[in-house]
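Numbered as in the numbering used here, the sequence shown ends at 697 without a single skipped number. From the three backbone atoms N, C-alpha and C, an ideal C-beta is built for every residue, glycine too. A quick note: this is a predicted structure, and the numbers were derived from the prediction, not measured. This report refers to the structure that appears directly beneath it.
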Amino acid sequence: MISTQLLNPQSIVVVGGSNDIHKPGGKVLKNILDGGFTGTLAVLNPKEEEVQGVKSYRDPADLPQADLAVIAIPAKFTLPVVELLAKEKGTRGFIILSAGYSEESEAGKELEQQVVEVIESVGGSLIGPNCVGIMTPQHNSVFTEPIPKLDPKGVDFISGSGATACFILEAGIPKGLTFASVFSVGNSAQLGVEEILEHLDESFDPATSSRVKLLYIETIGNPAKLLRHASSLIRKGCRIAAVKAGSSEAGSRAASSHTGALASSDVAVDALFRKAGIVRCYGREDLITVASIFMHPELQGKNITIITHAGGPAVMLTDALSNGGMNVPHIEGPDADELLTKLYPGSSVANPIDFLATGTAEQLGTIIDYVDTRFHDIDAMVVIFGTPGLVEIFDVYAVLDEKMRSANKPIFPVLPSTLTARAEVDDFLSRGRLNFPDEVSLGTALARVYHTPNPADAGELPSMDIDAIRAVVDNTTDGYISPNAIQTLLDACGIPRAGEAVVRNEEDAVREAAELGFPVVMKVVGPVHKSDVGGVVLNVQDADGVRSEFSRMIQIPDTTAVLLQPMLSGTELFAGAKKEDSFGHMVLCGLGGIFIEVLKDVRAGLAPLSADEALTMIRELKGYRILQGVRGQAGVNEQAFADVIVRLSALCVAAPEIAELDLNPLLGTPDGVTAVDARIRIEKAG
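What follows is the structure, encoded as C-alpha cells:
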C-alpha cells in the first residue's frame, strides 16, 4: 500500500541536504524548492544550520515531525535515521536515493531488508534505495534533470532504472511529450513497478487520471500483479507501453523437449504483455514514439493516407506500414479527381498524396478535409512536412494544428526539420502538439500499437476430470511419466489421442498391432530423442514387420518397451507447455515437422488460455495458410486445434507440477485434431 505521505506530503525532511547542488542531497533539495513545494521543509546536516535557505538540524533527535524523508547519505548510516524517523517523527514516506544495498553486496542486501522491516512496522512506504526519486504534482523529490513541467494529461512513467528514466525524459520532452508523474523505483526493496502500477489502478479516476502509462522494467518480480493491474487499467480506458530490458540469452537453456528449447523468459514476457494488452517496446526512442501515438485519438482501422511534399520519406513510411501489416490503399474516384484539380500540376492523390515541394498551407488544409470527410475507407492520416530552410513554414504548421483539432480522424505529424525549422516546430509543440521526427519509427510503432490485442478475457476452464489428473500427478515421482500415465492425463482433460499400446515382448506386440489395425507406427519407450537413435518406424504393414522391428528396437540402449499406434495421416501440428518461473505456464502452438525443427514457427500464451486467445495464436502463425488448406491439400479444423490448446492450458492449471509437456505431433484434419505422441515431465516443489 502506498501511503499518502509519500505522494502528497505536508512536510519533507531531506536527510543529507547540502548547499552543493552538484551532490544528490543538494540537488534534490533544490529541485523540491524550484518545484514550489508548499509544505514544510527541513534538512538534516550535522555541519550546517541553514541549507539553501532551509533550516538545518545537526542532531536527528531535534528534527520536527515529517511526512516524507528523502535520504541522501551513505547506506551504512541510514538504518538508525530511518528508525528514528519512523518511530519518533511520524514519517511514513521514505525515498532512499543512496546506493550500497542489495545491488552491491550480501551485507547491503541484509541492511536493505532491515530498513524495509522498520518502515513496514509502522505501515510506511519506501521508494528505492538506489534510485533518483519521484516526481508528483506535489513535489519533485529527484536529484537529476531534466525536470518536466508536470501535466495531469501527460503520461505516468515508472522506471526500474534511474539513469534510463532521465534519458527517456530527455528523449520525450523535446518531442512534446508531457508527464503527469515519474517514479524511479531503484532496487524495489518494497515498492516496484508492479506496486506503483497497482496504486495507479486502484486510485484511477476517469475524470482526472492520466490515460497513458509508460514502464521501463528490468525485472518482473510479480507477473500476476503486473498482468492484473495492467489489464484493469487498459479496460478502464488507459493505454500502456513497456520496455522489458535484459531479454537476450547467450544460448538456449538446457531442455529435453521442443517446448523447453523454444520457451524462454523473454517469450514469457511477450506472452504476458499480449495477455495484458501492453504494447511492447524495444528502446527509449521506441517507447517515446508509442507514447506519443497514445496521446492521439485511437486508430479505428489500419488504412492510412500519407500526405507529403517529399517523395522519399513517403516511400519509406509506406514500406514501414506495409511491412507491419497496415494498409496504404490506392485512392481513386470522382472525389480524388476533384481534389487533384485543387493542387498544382504534377501532384498525385493516389496515396501517398504528394502535393509537391511548392505545396501551400491552404492546399494541405484542403487535402486533410477531403481525406477526413470524403475518403471514407481511410482511418488515419500521416502528414510529412519539412523544409530545406528557404522559407518559413509557420502557416503550414498552424493549419496542421487547426485541422488536428477539427478532424474526425487521427492525424500524426512527421516534422523532420528540427534544425532548419526549429522555430516553427517549437511553435507547433507549444500548442500542445507532439512531433514524430522519423517516419519509419512512426510507421513501425503504429503497426505494433494497432496489432496489440486488448486484454484477454478470462474464459471458463473446460470440463475435466480433476480427480484423475491429480491422482496421476500425486502418485508420480519427478521426471518423465509413463505412456499409461500420459494416456490417463490426456483422457482426463479431453484431448483426443490415437489408440496405443505399450508392449515388452514380441507376442504382445503382434497381438496389440492386430487389435489397433495395420499399418502401425512403432516407437521406443525410454530414449529421449527417439528418431535420433532409429527409434521410430512408420507404416509397419503386417505381423512379420512388427516382429522384425520389435526385435531390433528393444535392443536400442535405454529402451524399456515399444509403443504401438495406428498409422494416421493429417497435417502435423505441435502444442506444448513449459513452466517458466513466476510467470506460470507458457503454452506454445505451431505446425509440426520442419516448421518447429527449423523455422521455429510457434506462438505462445500464458495459461489459462481462452478460446479466443488460442485462435489468435493459431492465426498468427506464419504457416497459418497451410492450416487453411492450400493447393488442394485438406486444411485443419481450427476450432479443434484451439480446443486442444485451451485444454492443454487447463491441464497445467490443474497440475502445476508439469514442468514440460509436448504434444508432437498432433495430426490435424478437417474433422479434428488427434495427439499422436506426447511427453510430460513432472517437477514437484521441494
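| Check | Outcome |
| --- | --- |
| If I follow the unbroken alpha helix (DSSP H) through H462, where does it start and stop? | E450 to H462 |
| V339 and I318 look like a contact to me (Cβ under 8 Å); what is the Cβ gap, rounded to whole Å? | The pair is not a contact, with the Cβ atoms about 11 Å apart (cut-off 8 Å). |
| Is it the case that the segment 528-536 contacts the segment 496-504, given that we only count it when at least three CB pairs across the two stretches are under 8 Å? | no |
| Mapping the DSSP letters down to three states, classify M628 as helix, strand or coil. | helix |
| Can you give me the start and stop residues for the beta strand (DSSP E) that T15 sits inside? | Where T15 is concerned, there is no enclosing beta strand (DSSP E), although the alpha helix (DSSP H) it sits in stretches over T15 to L18. |
| Can you check DSSP and say which residues form a bridge with G601? | F585 and V613 |
| Are three or more beta carbon pairs between the segment 586-603 and the segment 514-524 nearer than 8 Å? | no |
| Cutting at 7 Å between CB atoms, please list the residues of its own chain near D682, excluding the five before and the five after it. | N648 |
| For A83, which of P20, R103 and S152 has the nearest alpha-carbon? | S152 |
| Between L298 and V254, is the Cβ-Cβ spacing less than 8 Å? | yes |
| May I have the straight-line CA-CA distance separating G262 from F606, to the nearest angstrom? | Per-residue confidence for G262 stands at a pLDDT of 34, beneath the threshold of 50, marking its modelled position as unreliable; the derived number appears in the next sentence. Taking the straight line from one Cα to the other gives about 20 Å. |
| Please classify G28: is it buried, with 16 or more other beta-carbons within 10 angstroms of its beta-carbon, or exposed? | buried |
| Does the beta carbon of R459 sit closer than 8 Å to a beta carbon anywhere in chain D? | You won't find chain D in this structure, because it holds only one protein chain. |
| Use the C-beta contact count for N42: other C-beta atoms within 10 angstroms, 16 or more gives buried, fewer gives exposed. | buried |
| Among A432, G679, A670 and E668, whose alpha-carbon lies nearest the alpha-carbon of A651? | G679 |
| Should V54 and Y68 be called a contact, given that it needs their Cβ atoms to be closer than 8 Å? | yes |
| Using 10 angstroms around the beta-carbon of P466, count the other beta-carbons present and answer buried if the total reaches 16, otherwise exposed. | buried |
| Would you list, in sequence order, the uninterrupted beta strand (DSSP E) runs of no fewer than 3 residues that lie entirely inside the segment 403-457? | 422-425 |
| Looking at the strands, I want to know which residues DSSP matches up with E671. | K589 and R692 |
| Can you name the start and end residues of the alpha helix (DSSP H) that I43 belongs to? | P35 to D45 |
| Starting from the N-terminal side, write out each stretch of the alpha helix (DSSP H) that is 4 residues or longer and does not extend beyond the segment 132-217. | 173-183 and 204-213 |
| Verify whether the separation of the beta carbon atoms of T398 and T431 is less than 8 Å. | yes |
| Tell me whether A525 is buried or exposed, calling it buried when 16 or more other Cβ atoms sit within 10 Å of its Cβ. | exposed |
| When you compare only the Cα positions, how much space is there between L17 and M337? | 44 Å |
| Thinking D281 and A615 are a contact (beta carbons under 8 Å), I'd like their distance in whole angstroms, please. | 7 Å |
| Compare the beta carbon distance of E435 and Y408 with 8 Å and say whether it is the shorter of the two. | yes |
| Nearest to D489 by alpha carbon, out of V204, T570, E694 and M415? | E694 |
| Using only alpha-carbon positions, find the residue among S220, R692 and G139 that is nearest to S195. | G139 |
| Within 10 angstroms of the Cβ of Y381, are there 16 or more other Cβ atoms? Answer buried if so, exposed if not. | buried |
| Closer than 8 Å is the cut-off here; do at least three beta carbon pairs connect the segment 175-186 with the segment 223-236? | yes |
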